[in-house]
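Throughout the sequence shown, residue numbering follows my numbering, covering 593 to 1050 in sequence. Each residue gets a CB set at the ideal place from its N, CA and C atoms; glycine is no exception. These numbers come from a predicted model, not from an experiment. All remarks here apply to the structure that follows.
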Amino acid sequence: MEERKTFCKMSDVASEYEKKLVTADEAVKVVRSGDRVHYGLFGGIVRDLDLALAKRTEELENVLVMDTIWNYPEPPAILQADPQAKHFKYLSTHMSGLDRKMNKQGCCWFIPVQFRENPKYMAENVGPIDVAMFQVAPMDQYGNFNFGPQLAEYWGIMKSAKKVIVEVNPCQPIIHGMQNTINISQIDLVVEGQARPLPNIVAKEATAAEKKIAEHIAERIESGSTLQLGIGGMPNYVGQKIAESDINDLSVHTEMFVDAYVHLYKAGKITGNKRTNKGKMVFTFAMGSQEVYDFLDDNPMGYVAPVDYVNAVEVIAANDKVVSINSCLQVDLFGQVNSESAGLQHIGGTGGQLDFVMGAFQSQGGKSFLCTPSTRTNRDGSVQSLIMPTLPQGSIVSAPRSATHYVVTEFGAVNLKGKSTWERAELLISIAHPRFQEDLIREAEKMGIWKNSSKVQY
Ligand SMILES: CC(=O)SCCNC(=O)CCNC(=O)[C@H](O)C(C)(C)COP(=O)(O)OP(=O)(O)OC[C@H]1O[C@@H](n2cnc3c(N)ncnc32)[C@H](O)[C@@H]1OP(=O)(O)O
Ligand SMILES: CCCC(=O)O
593 MEERKTFCKM SDVASEYEKK LVTADEAVKV VRSGDRVHYG LFGGIVRDLD
643 LALAKRTEEL ENVLVMDTIW NYPEPPAILQ ADPQAKHFKY LSTHMSGLDR
693 KMNKQGCCWF IPVQFRENPK YMAENVGPID VAMFQVAPMD QYGNFNFGPQ
743 LAEYWGIMKS AKKVIVEVNP CQPIIHGMQN TINISQIDLV VEGQARPLPN
793 IVAKEATAAE KKIAEHIAER IESGSTLQLG IGGMPNYVGQ KIAESDINDL
843 SVHTEMFVDA YVHLYKAGKI TGNKRTNKGK MVFTFAMGSQ EVYDFLDDNP
893 MGYVAPVDYV NAVEVIAAND KVVSINSCLQ VDLFGQVNSE SAGLQHIGGT
943 GGQLDFVMGA FQSQGGKSFL CTPSTRTNRD GSVQSLIMPT LPQGSIVSAP
993 RSATHYVVTE FGAVNLKGKS TWERAELLIS IAHPRFQEDL IREAEKMGIW
1043 KNSSKVQY
């Protein structure tokens, strides 16, 4: 990005806005064949600009378009216009269910990332970003546009962006925090988009196994903890269990802000009495129901910050009793955790899972929990154990065995830190489904990681 003035004089703000204001169709004319375009993050991904770019499909070749998680119900307009990916290649640094579907159809690719490092990848590694587009709230009297409840790697993207286009969405809430606005002087073009509510992500109801998992975790949370909860029915149910318990004096330092925090706040459980950013609920993006966005709107307790701050291991660890709760897909008997793939099929990125696993462990009195139901019923009706001897071919190790702290299934929670290979095998088998335990013991014996065997049996 060329050097830009940081701020506009207040008297210039309105005229600068008028000069830069164009329609979506005019704005996307800056995109050329071969360009790399960023579409924005989470609930700030552009819609009107996507529709306008789709109209140019036939005249463009080899345009790379990046996002994080596409959360709208229908695919991007550019891919509806170009389902064979002949003109646009779509790339995601995480992937939602819909991104996964597009991936299976061959028109969406994954970029593996460690979430805290995303700003640096965007600034220095992906190559120049020719056009960065993202949604913002309407401009204020000082010429600043609020990014809404998503910040993560925006400033990294801005460092390498040659052109910056904002799509104003009056439904973007105003979020308090650090580096949470961009000035009109830092923007090339402004498009006034439609007022579109942010994606309403309602957590699934927790299953019976997830409820048991949540209970095992809630038993291990002490008053005075700082929480990081992931997405889904299980973390939400943990929130519900805490709200009903006598656990008190909780704080929030989390990657993603979800509904559970609103419920905990309403139950009087959040005091914000932690060491860093006292009184603030710190996050790098919010994704939840409309209640989350309404709660955070102009709420001085909310504090959005860049992901290289929020997810930095030392920043997480600076608070005491950090409790990190995330889901995974499979765990092997060494304690290696796969949260990303079913064999070769990509499911979702690891995001900030490892950042919080490491940060929580380093925090005084901290704990991280990686959770999975003990079994999965496949489409053909067969049941498989998700505690397995080794991860299947093609699986991704998201948390290495050296990092894994607590693993939780509906049968209990075990702490693997400092444990030998046979102790790990024993602990993990103790929380596997009973119908698979004998098989797992036999496999552990063959692998040389059972107490009475120290040699691999070929
Ligand atoms: C966003 C945050 O959580 S912030 C904190 C840190 N980040 C993370 O922890 C990221 C890593 N974790 C994740 O991405 C998620 O928690 C996941 C993918 C592990 C689980 O997410 P959930 O929403 O609980 O999974 P869900 O049950 O909806 O399954 C998602 C997909 O994975 C498939 N799947 C789930 N479990 C398995 C499994 N054990 N084996 C194979 N496939 C599986 C499902 O079939 C589904 O596929 P489909 O939508 O293509 O049919
Ligand atoms: C994009 C990051 C989301 C996650 O951590 O899962």
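For N1044, there is no enclosing beta strand (DSSP E), as DSSP gives it neither H nor E. DSSP places N828 inside the alpha helix (DSSP H), whose first and last residues are G825 to E836.
Looking from the CA of V629, the closest CA among K754, N911, Q832 and N736 belongs to K754.
Distance from the C-beta of G940 to the nearest heavy atom of ligand 1 is below 7 Å. Taking one beta carbon from each stretch, the stretch 686-701 and the stretch 728-737 have fewer than 3 pairs nearer than 8 Å; the two do not touch. Membership of G1004 in the beta strand (DSSP E) is indicated by the continuous run G1004 to N1007. Taking the C-beta atoms as reference points, A616 is found no nearer than 8 Å to A646. Where Q1029 is concerned, the enclosing alpha helix (DSSP H) starts and stops at P1026 to M1039. In the three-state DSSP reduction, N736 falls in the strand class (E or B).
Residue pairing from DSSP leaves F948 without any beta-bridge partner. Per DSSP, the continuous alpha helix (DSSP H) segment holding G748 begins and ends at Y746 to S752.
Distances taken from the Cβ of M848 to the heavy atoms of ligand 1 include one shorter than 7 Å. Within 10 angstroms of the beta-carbon of A798 lie 16 or more other beta-carbons, which makes it buried.
For secondary structure counted as the alpha helix (DSSP H) over 4 or more consecutive residues, the stretch 752-834 holds these complete runs in sequence order: 800-810.
Under the 10 Å beta carbon count, A1005 is surrounded by 16 or more other beta carbons and is classified as buried. Annotation: the stretch 644-700 contains the following complete segments of the alpha helix (DSSP H) (minimum length 4 residues), in chain order: 669-673 and 689-696.
Remark: C-beta atoms of I793 and M879 approach each other more closely than 8 Å. When DSSP states are grouped into helix, strand and coil, G871 belongs to the coil group. Residues of the same chain with a CB within less than 7 Å of the CB of A1017, apart from the 5 flanking positions on each side, are L925, A1036, I1041 and W1042 in chain order. D1031 has its alpha-carbon roughly 14 Å from the corresponding atom of T967. Cβ atoms of V655 and S625 come within 8 Å of each other, at about 7 Å. DSSP, read as helix, strand or coil, puts K601 in coil.
Following the DSSP letters along the chain, one finds I839 in no beta strand (DSSP E), marked with neither H nor E. The beta carbon of I766 sits closer than 7 Å to the beta carbons of A729, N738, D889 and D890 from its chain, once the five residues preceding and following it are set aside; these are given in chain order. With a 10 Å radius around the Cβ and a threshold of 16 neighbouring Cβ atoms, N918 comes out buried.
Put simply, the backbone Cα of I749 is about 40 Å away from that of H808. Listed in chain order, the beta strand (DSSP E) elements of length 3 or more contained wholly in the stretch 900-985 are 914-919, 922-924, 959-963, 967-969 and 975-977. Measuring C-alpha to C-alpha distances from I988 to each of K1009, D972 and L936 identifies L936 as the nearest. Here G636 is buried. Its C-beta has 16 or more other C-beta atoms within 10 Å.
The secondary-structure analysis by DSSP pairs Y998 across a beta bridge with F961 and N1007. Secondary structure note for Q727: its beta strand (DSSP E) is the uninterrupted segment I721 to V728. Counting along the chain, H630 sits inside the beta strand (DSSP E) bounded by residues R628 to H630.
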